[in-house]
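Note that the protein sequences, when read in sequence, are chains A and B. Residue numbering for the first sequence follows this note's numbering, starting at 4 and increasing by one per position. Residue numbering for the second sequence follows this note's numbering, starting at 4 and increasing by one per position. Since the structure comes first, as structure tokens, the remarks are kept for the end.
Protein chains: 2
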Amino acid sequence: MATSPIGAGRPKTRGTVLNSIRKARTISRVELAASTGVTAATITQVVRELMDLGLVLEVGRGVSTGGKPPTLLQLNPHARYAVGILFERNICVIVIVDLTGRQVARTSFPGTALLPPEQALSLVASRVDALLDTAGVDRGKVLGVGLATYGPQDREAGVLLTHQPTAEWFGYPVAPRLSEILGQPVLLDNDAAAAAIGEHWLGAVEQDTFGCLYMASGLGGGVVVDGEVYRGVSSNGVEIGHITIDINGELCACGNYGCLANYAEPAAVIGQALEEPSLGRRLGLSPAATDVLPGFARIATAAIAGDPTARALIERSARHLGTAAVTLTSLFDLDLIVLAGPSFATAGPIYRSVIEEEVQRRTFARRAHPVRVVTSVSGSDAAAIGGAVLVLQSEMASLQLDARA
Amino acid sequence: MATSPIGAGRPKTRGTVLNSIRKARTISRVELAASTGVTAATITQVVRELMDLGLVLEVGRGVSTGGKPPTLLQLNPHARYAVGILFERNICVIVIVDLTGRQVARTSFPGTALLPPEQALSLVASRVDALLDTAGVDRGKVLGVGLATYGPQDREAGVLLTHQPTAEWFGYPVAPRLSEILGQPVLLDNDAAAAAIGEHWLGAVEQDTFGCLYMASGLGGGVVVDGEVYRGVSSNGVEIGHITIDINGELCACGNYGCLANYAEPAAVIGQALEEPSLGRRLGLSPAATDVLPGFARIATAAIAGDPTARALIERSARHLGTAAVTLTSLFDLDLIVLAGPSFATAGPIYRSVIEEEVQRRTFARRAHPVRVVTSVSGSDAAAIGGAVLVLQSEMASLQLDARA
């Protein structure tokens, strides 16, 4: 490294500089040199290149520390865009974010994963197109699409390795096929991992290491370590919905038994609610409903409104999530858990306080540090925004940003 | 980085070169340049410096690829040494390893952690001194001591944050105090983490990412990611003995309930054996024994010898460890688990096959990759050897190796 000729590390240096500008929001060249460890001469040159590419703007002057007040730089938010999609059986959310990760357009509709794959992806693609039109975003400025969905996945190949929700999806090339239809690169990732990195990138979480519990129709987890998604050997980590919390529990469709999901996720809570006939009737719950989200939202709303039966059910689900959160914090040694996803939208405050109580009381290393639990700033859109952020992060790391300019 | 003057990155380059020589065992300068990405000129200079420090030797010639056959380099194993200690309530193992991590001396004795801290540490220090004398190792060549023990810990301060085994140990400065007595730097770390990194460093595990289940008196876990111990926010991760496997289980002394440890660790298995009066009598088990290791070893020996009652108990313990191993692989996305520590010494083959069966059947991402389970090459000594390896790894990373020359 010490002997690389000047300029040899340029693409990496550009990415580093761009990311430092992003994190600082506004920053001077002198501060950039200090924060990146790159020489002033190289900063001047790299910033000129980034300005020529339209990625960075001069936005006025900072406070003088003696001489001439320094010129401040920031990202040009409109220089590039990314699309993020949360795709699961019961809900689909599409967002467009600008280069800073800020949401500029959004749409959502009921899930499409019960359709045959080809039909589902065509529908999603048409919605992405419509949203880009509505927002007036030039396709040439779109860096790509981040498709956040459940696992297990072959992330490299962009393929799902699960028979959920139907056998047709197993091995179907979701990312390559969507890419083909849209004419944009598509990156496949886990919804919970996406939610976690999105939260961090947007600055809502200051720590560089933390965990995320994600709940939509199913339950997932994500861990961010030193500002990057924890990956493991195949990017199929933190599948917290399918860890055993009850060695005497029943066999799960996943092959494990006593899985958290079967005690705590929306379908399980609806099942428990239906065992309380008066509650089921009062909330109009049906055992036949394929979309569990509306029924679960009604239970959550009743719990927040003070219905004691509904509240007991939500608290029981939260207590079980608390058990899993203790496992997550004791294994990954975390001091912060973020709750994200549509199923925390209504009863988030109950979940937050019950889960925090459990982790503070039961985490093995609680004498080394406390553990906090917070709800996501992006709420129901966390995974979609995170999908778009993964595109931005990946492009900044490899600095492909100029390739499509 | 691109603009650093030549030589500015030297200590780091030295560490990289040294580590590349270690991994390759023998290597030529040309191969070193290729594997490190450092220029040939810098390699020549750094190798000369490392040879002047006595750390690297020329050991003959390799195969010619056209011109003069290249000179091969290797570490000088006798240039430096490190001490590793496994320290827990029922067993203490001390090893001395050379610069390559190879064990050159070893001793073990019953645990000292039931003694008052000052007395226990004096005893350990006297045994370290005696072992260095026996092995004829020059104190000036000892890089330091790696003290591997249970958690939670304040690793930076070298302090235990647990009331186990007695209240006196909570907050006691074990590492600083042992350092004072021995006149050597002492690095505190988790026994299971040490066992994991030791296995990797010695080349017994080729993967750079894998997990370790460690069982002595208690149960612990370690995960290695990209060749380094997974740390989390306070180096108190992977405390797998205290994750809930039974939501209806009893309160554990740790504050959590239904913990794996209470179903699977040696004391729990002895408790279950005592409920089978004929087995307890036959094996001479006593509920009053403070040292659980000999009793557990007798059950393990009986299981291996074919006693069906003993075998059922070991298999039940293994099945519970399998449940936790599934959690570990599903959360960290691992494809390899190493079993290490004294309590796998006898019944290791039973544990290995039962745990492997569980992870292959129940891990969420098993369709993405299989999961294998192997027993450690270092067996009972894994944590002690790992403690010493952590010293070597830390010194190579910071290249303090010349400071004490």
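Glycine is no exception: its CB is placed at the ideal position from the N, C-alpha and C atoms.
- Message: What does the Cβ neighbour count give for Asn251(A), buried or exposed, with the cut at 16 atoms within 10 Å?
- Response: exposed
- Item | Distance, Val100(B) Cα to Gln106(B) Cα | 4 Å
- Query: Straight-line CA distance for Ile46(A) to Val62(A)?
  - Reply: 17 Å
- Item | Nearest neighbour of Phe213(A), chosen from Thr332(A), Ala264(A), Ile97(A) and Ala305(A) [CA to CA] | Thr332(A)
- Item | Sequence-distant residues of the same chain with beta carbon closer than 8 Å to Arg130(A), five excluded per side | Cys95, Ile97, Thr110 and Phe112
- Message: Is the beta carbon of Leu181(A) closer than 7 Å to that of Gly104(A)?
- Response: no
- Item | Entirely enclosed beta strand (DSSP E) segments - the segment 144–184 of chain A, minimum 3 residues | 145–152
- Message: 7 Å is my cut-off, CB to CB: does Val100(B) come that close to chain A?
- Response: no
- Mapping DSSP to helix, strand and coil, what is Glu278(A)? coil
- Give the secondary structure of Pro113(A) by DSSP, where H, G and I count as helix, E and B as strand, and everything else as coil. strand
- Between Phe367(B) and chain A, is there a C-beta pair that is closer than 7 Å? yes
- Message: Within a Cβ cutoff of 7 Å, which residues of the same chain sit near Thr16(A), ignoring the five residues on either side of it in sequence?
- Response: Val41, Thr45 and Val49
- Considering only the beta carbon of each residue, do Ala371(B) and Ser346(A) sit closer than 7 Å? no
- Label Leu58(B) either buried or exposed according to how many other C-beta atoms from any shown protein chain fall within 10 Å of its C-beta, with 16 as the threshold for buried. buried
- Under the DSSP definition of a beta bridge, which residues are partnered with Cys215(B)? Gly225(B) and Val341(B)
- So which residues on chain A does Asn79(B) lean against when the C-beta distance must stay under 9 Å? What Asn79(B) touches in chain A: nothing, since even the nearest Cβ is about 25 Å away.
- Message: Could you check whether Ala195(A) and Gly223(A) sit closer than 7 Å to each other, using their CB atoms as the reference points?
- Response: yes
- Query: Mind checking Leu117(A): buried by the 16 CB within 10 Å criterion, or exposed?
  - Reply: exposed
- Message: Check for me: the alpha helix (DSSP H) holding Ala197(A) runs from which residue to which?
- Response: Asp194 to Trp204
- Using DSSP with H/G/I as helix, E/B as strand and the rest coil, what is Gln77(A)? strand
- In the DSSP assignment, what residue or residues form a beta bridge with Tyr354(A)? According to DSSP, which records beta bridges pairwise, Tyr354(A) is partnered with nothing at all.
- Query: Does any residue of chain B bring its CB to less than 7 Å from the CB of Ser220(A)?
  - Reply: no
- Message: Using a Cβ-Cβ distance cut-off of 7 Å, determine whether His166(B) contacts chain A.
- Response: no
- Query: If the cut is a Cβ gap below 7 Å, which residues of chain B does Ser333(A) touch?
  - Reply: Glu242, His245 and Ile246
- Item | Exposed unless 16 or more other CB atoms sit within 10 angstroms - verdict on Arg64(A) | exposed
- Between Ala151(A) and His81(A), what straight-line distance do the alpha-carbon atoms span, to the nearest angstrom? 23 Å
- Message: Could you check whether the Cβ of His203(A) sits closer than 7 Å to any Cβ belonging to chain B?
- Response: no
- Residues that Ser419(A) bridges to, as DSSP identifies them: Residue coverage of chain A in this structure runs from 4 to 408, which leaves residue 419(A) outside it and unanswerable.
- Query: Helix, strand or coil: which one does DSSP assign to Gly230(A)?
  - Reply: coil
- Is there at least one Cβ from chain A nearer than 7 Å to Ser23(B)'s Cβ? no
- Message: I want to verify the contact list: residues of chain B whose CB lies under 7 Å from the CB of Cys257(A), in sequence order.
- Response: Phe367
- Start and end residues, beta strand (DSSP E) containing Phe90(A): Tyr84 to Phe90
- Does the distance from the CB of Ala348(B) to the CB of Gly382(B) come in under 7 Å? yes
- For Gly273(A) versus Ala321(A), is the C-beta spacing smaller than 7 Å? For the record, residue 273(A) in the displayed sequence is Ile; it is not Gly. Cβ atoms of Ile273(A) and Ala321(A): not closer than 7 Å.
- Query: Going straight from the alpha carbon of Ser281(B) to that of Glu279(A), what length do you get?
  - Reply: 48 Å
- Message: Relative to the C-alpha of Gly240(B), which candidate in Asp249(B), Lys71(B), Val226(B) and Glu253(B) has its C-alpha closest?
- Response: Val226(B)
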